[in-house]
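Q: If you read the sequence shown in this note's numbering, its first letter stands for residue 55, the second for the next number, and so on.
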Amino acid sequence: YFSEVLHHVVNMMGLLMFILWLNHIFGCAWFMIAANTSGDTGFSWTGKTYGIEQTYKASGGLFQYFTAFHWALTQMTPGSMSVEPQNSVERIFNIACLILGLAFFSSVISSMTATLTQIKMLRQEREKVILTLDKFLRRKAISREVALNVRKQVFQRMTQRKPLEMVD
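#1: What's the gap between the Cα of G105 and the Cα of A89?
#2: To which residues does DSSP link Y104 through a beta bridge?
#3: Would you check if there are 3 or more beta carbon pairs closer than 8 Å linking the region 130-149 to the region 96-110?
#4: Determine the contact status of C82 and A112, defining contact as a CB-CB distance below 8 Å.
#5: Just the Cα atoms here: how many angstroms apart are I173 and L60?
#6: S161 to L69, Cα distance in whole Å?
#7: What is the DSSP secondary structure of T186, counted as helix, strand or coil?
#8: Could you give the DSSP three-state label for A89: helix, strand or coil?
#9: Taking one C-beta from the region 124-132 and one from the region 154-171 each time, how about it: are there three or more such pairs within less than 8 Å?
#10: Going by C-alpha to C-alpha distance, which of N148, H124, A195 sits closest to W75?
#11: What number of angstroms, rounded off, separates the C-alpha of K189 from the C-alpha of A168?
#12: Provide the residue span of the alpha helix (DSSP H) that contains N203, from first to last.
#13: For A195, does the three-state DSSP call read helix, strand or coil?
#14: Using the beta-carbon count (16 or more within 10 Å), is F120 buried or exposed?
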């Protein structure tokens, strides 16, 4: 049981790392588009001001990176932020990211729901085994001391990688 839950947790962590990596790529692409094109309007999102008359272009590299990364995250999730496309190239990229984000976000939610359902089913299966064992021990009038030892052994075996076999 424990190893299967751990397996699902590791898979979810892998999915999270993939999401972060993908958003890093989209954020870098978003920044690259702004840095290399001014498009048909002559403007890009990096030329816009934030706060007290400071442009994103005049900000430090770390702030620019995290602004672009934040923008990418909002394309994959139902979030929002003040950075918007300022020319046709940025807008086309934004639309493409929104379409990919819609498909990706629904897929991630579906995958996480399936994983959590599997974990819940594993827990229910484990509880069913323990309940069946308790009923058996009571029905056979096994002494309390022996029953506790049996339960302890079953718990130990259930947490090992090798599943409990009938011969055990």
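The C-beta atom is built at its ideal place from N, Cα and C for all residues, glycine as well.
Computed from a predicted structure; not experimentally measured.
A: So, to answer that:
#1: Using only the alpha carbons, I get a separation of about 21 Å.
#2: Q108
#3: yes
#4: no
#5: 10 Å
#6: 11 Å
#7: helix
#8: Correct three-state label for A89: helix.
#9: Yes, they touch.
#10: H124
#11: 31 Å
#12: Under the DSSP assignment, N203 falls in the alpha helix (DSSP H) whose first and last residues are 198-213.
#13: coil
#14: exposed
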